[in-house]
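Engineer: I have a structure I would like to understand better, so I am pasting it below and will then ask my questions one at a time.
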Amino acid sequence: MSDVKRIYPESKTGLINWIEENFHDIDEFIVQFQMKDNTSMFVYDVYSYRNALGMLEMAKGTCHELSINDEFNPKSKT
170 MSDVKRIYPE
180 SKTGLINWIE
190 ENFHDIDEFI
200 VQFQMKDNTS
210 MFVYDVYSYR
220 NALGMLEMAK
230 GTCHELSIND
240 EFNPKSKT
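So the sequence shown is numbered by the numbering used here: it starts at 170 and just counts up by one.
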């Protein structure tokens, strides 16, 4: 399982802080954001298509494992 960090209660500031703290250690990334207008934005910087798919599958597996173990902590709609 991958390292997991749920950023809350203020997730946007928490995400920015996490990126700043870990900036020099980030080598590749894939991120998908759900926008307020109900569109999504996919942002990536990877060495290969294979790496991208591997990272996505690891994220998918981690989400499944967290859910099975009742450790997935979604945010509440306000």
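For glycine and all other residues, C-beta sits at the position ideal for the given N, C-alpha and C.
Predicted model, so just to flag it, every value in this text is computed and none were measured.
1. For Y213, which beta-bridge partners are listed by DSSP?
2. I'd like to know whether the C-beta of V215 is nearer than 7 Å to at least one C-beta of chain B.
3. Could you give the distance in angstroms between the alpha-carbon of N238 and the alpha-carbon of M227?
Structural biologist: The relevant details are as follows:
1. Here residue 213 refers to the residue found at position 44 of the sequence shown. Its beta-bridge partners are I199.
2. Given the protein chain composition of this structure (a single chain), no chain B is represented.
3. On the sequence shown, position 69 is the one that residue 238 refers to. On the sequence shown, position 58 is the one that residue 227 refers to. Spanning the two alpha carbons is a distance of roughly 16 Å.
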